[in-house]
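Beneath this line is the structure, given in structure tokens, with notes to follow.
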Amino acid sequence: MASLALEKHPRLARPKGPVLVVIMDGVGLGCGDAYDAVAQAKMPTLARLRSDSARFMKLKAHGTAVGLPSDDDMGNSEVGHNALGSGRIVLQGAGLVDRALADGSIFEGKGFGALRAAFSAGGTFHVIGLLSDGGVHSRLDQIVGVVEGAASRGAKRIRLHMLADGRDVPDGSFTQYLAALEHKLVALSQRGVDAQVASGGGRMLVTMDRYESDWRIVERGWQAHVHGDARRFSSATEAVTALRAESPGISDQQLPAFVVERDGKPVGTIEDGDAVLFANFRGDRALQISRAFEDDAFAKFARGRRPKVVYAGMMEYDGDLHVPKLYLVAPPQIERTSGEYLAAMGIRTFACSETQKYGHVTYFWNGNRSGRFDEALETYLEVPSNAPPFEARPEMKASEIASACCEAIASGRHDLVRVNFANGDMVGHTGDLAATVKACEAVDAALARLLQAIDQRGGIAVVTADHGNADDMALRDKKGAPLKDAQGRVLPRTSHTLATVPFCLAGSGLAPSVRLRSDLASPGLANIAATVMNLLGFLAPEDYQPTLLAE
């Protein structure tokens, strides 16, 4: 194993106070028009930081800068925090699955072998997952690739349990993805494969909870997918059409659970001997449903009949807990993260966020690793999130988080403080422009308090974001003009964006000579780890992305 020792920086010494790293989740730098919530919000603190041209720059937070296949791929919180914490660009979930499908290795491992054994013995092959091409949790083409691969390897009965997105893709697009999927299923039927959509629902109401925020979401999915216990329709398309007619304005992500039936019976309950694949490659919203299938001592809700199945994930969703036990594609192995190096050098770290982003400043920051590198040096604090809907209380827990971090800064017990404010992302995903403006303002107010605390202690602040979201709240045409519905209302955008994100330096502990460099062709989130190491008085490892500090 490589040494975790860091050399001292020849010119920069550790400041008197701590180094603070603030991630304003989802706060990108947009076009500045009326639908840019970041621009519309009163954010005097961020504006002041941006006015210092020597200590402000824009960073790339999407696509190849964070290990995604192309620059058409939006960034997300998981890959963003992987890059922030690891200091390197690591090939991520979507790219790993693409590569495994392209070379066929996805069908050659232990995970698919176990699934194949089950469906070859007469079991049904079930696929559960988010149906869209958003590329954040899953992709339609990957689901189709696995289904077609299973069919060509002997699967004769395939059932799909598809979750509506409307969050990483335009709201209302679920029927388009269903139509594309069902076109593929018709082609399979012509090959003698019985393949049908069996159940579904909206991602924020069915199956895809995260961080144990609301187990009822997982329970709804379990009952629909496993037992066929939800409202029944003759097809998935009929379900979506009827549910929308009954609740005008309902978003894809909030669609209730539904089940497809034939002759009065569900077409695809999950039974003993079946094979089940959870097709998402991203782990945070896949862990809980995986536990429902795998945990013998599960007690989060009454599962009722628990079928004896072979269960696998598209990827391993938690490398420390080994959930799930079987998977098709191994996750990125991110070793020697900045957290591990700094713990080895005795740096005392405090990490804090609310439930919705707590895993990002801990697990994802540490390279998809649960726990701490050094229990004595690292303090992690989770502030419980409010229950959705987040637009109802856009301030979320920004004030409480700021109070906890100000106390940590003032205590003198920590050398590094990292914090994530979830508001810009979680409220931005609702599509509510007015609420997202308030969310951004709450983050700015919290940031002001943190900067004051850093100044009082002689520390340094690094302020950035992990991806864009709140910076564009409108769907747009190819020329950038907002799209409107038949009534002339602007169609809300609920997904992430391709925006750059801010990077700012501040604090009374910052030497007057410190400036940001201008010679990097395409600086991104992965450059921040080396920068933070420098500010703590260390040189970064040679294979880290270069520092943002000018020589």
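Position one of the sequence shown corresponds to residue 1 (this note's numbering), numbered consecutively onward. Glycine residues also receive a C-beta, built at the ideal position from the N, C-alpha and C atoms.
Bridge partners of L160 according to DSSP: V127 and V197. Distances from the alpha-carbon of G134 to those of R493, L549, S513 and G507 put R493 closest. Rounded to the nearest angstrom, the Cβ distance from G201 to R232 is 13 angstroms, too far for a contact under 8 angstroms. No residue range can be given for N469, since it is assigned to no beta strand (DSSP E) and is classified by DSSP as neither H nor E. Secondary structure of T269 (DSSP, three-state): coil. Out of H137, L46, S403 and G145, the CA that lies nearest to the CA of G104 is found in G145. Per DSSP, reduced to three states, the secondary structure at N366 is coil, with no helix or strand assignment.
Taking C-alpha positions only, P69 is separated from G95 by approximately 5 angstroms. A direct Cα-to-Cα measurement between H414 and A242 gives close to 55 angstroms.
Where K184 is concerned, there is no enclosing beta strand (DSSP E), although the alpha helix (DSSP H) around it starts and stops at F174 to S189. At a Cβ-Cβ threshold of 8 angstroms, G111 and T497 do not count as neighbours.
Between the alpha carbons of Y380 and K479 lies a gap of roughly 45 angstroms. Counting C-beta pairs with one atom in each stretch, the stretch 325 to 332 and the stretch 234 to 253 have fewer than three that are closer than 8 angstroms, which means they do not touch. When the five nearest sequence neighbours on each side are left out, the beta carbons in the same chain lying within less than 6 angstroms of the beta carbon of A408 are those of F350, H414 and V417, in order along the chain. F278 sits buried, since 16 or more C-beta atoms from the chains shown fall within 10 Å of its C-beta. Beta-carbon to beta-carbon, P384 and E354 are separated by about 7 angstroms, close enough to satisfy the 8 angstroms threshold. By the Cβ test, the stretch 269 to 276 is in contact with the stretch 210 to 230, since at least three Cβ pairs between them sit closer than 8 angstroms. Within the same chain, W215 and E219 come within 6 angstroms of F301 by CB-CB distance, once the 5 residues on both sides are set aside. Straight through space, the alpha carbons of G264 and N423 are spaced by roughly 45 angstroms. A straight line joining the alpha-carbon of A121 with that of A312 spans about 17 angstroms. Nearest Cα to F281 within the set V127, G428, K308 and E441: V127.
Taken in chain order, the complete alpha helix (DSSP H) segments of 4 or more residues contained in the stretch 332 to 366 are 338 to 344 and 355 to 359. Using a Cβ distance threshold of 8 angstroms, A155 and F107 do not count as a contacting pair. The beta carbon of A275 lies closer than 6 angstroms to those of L115, A118, F119, G123, F125 and V310 in the same chain, with the five residues before and after it left out. A direct Cα-to-Cα measurement between L6 and L475 gives close to 46 angstroms.
Secondary structure of M533 (DSSP, three-state): helix. CA-to-CA, the gap between Q333 and I23 works out to about 23 angstroms.
From the listed residues R262, L450, T436 and Y363, the smallest Cα separation to E340 is found for Y363. Contact between L255 and L205 holds: their C-beta atoms lie close to 7 angstroms from each other, under 8 angstroms. Spatial neighbours of A442 in its own chain (CB-CB distance under 6 angstroms, excluding positions within 5 residues in sequence) are listed in chain order as E395, A398 and N423. For P44, the enclosing alpha helix (DSSP H) covers residues P44 to R50.
Counting along the chain, the unbroken alpha helix (DSSP H) around M426 starts and ends at N423 to M426. In terms of CA proximity to W222, Q288 leads the group Q288, L181, G524 and V186. Taking C-beta atoms as the reference points, L178 and A236 count as a pair closer than 8 angstroms. Membership of E261 in the beta strand (DSSP E) is indicated by the continuous run F258 to R262. Excluding the 5 residues flanking it on each side, Y544 has same chain C-beta neighbours closer than 7 angstroms at G87, R88, A529 and A530, in chain order.
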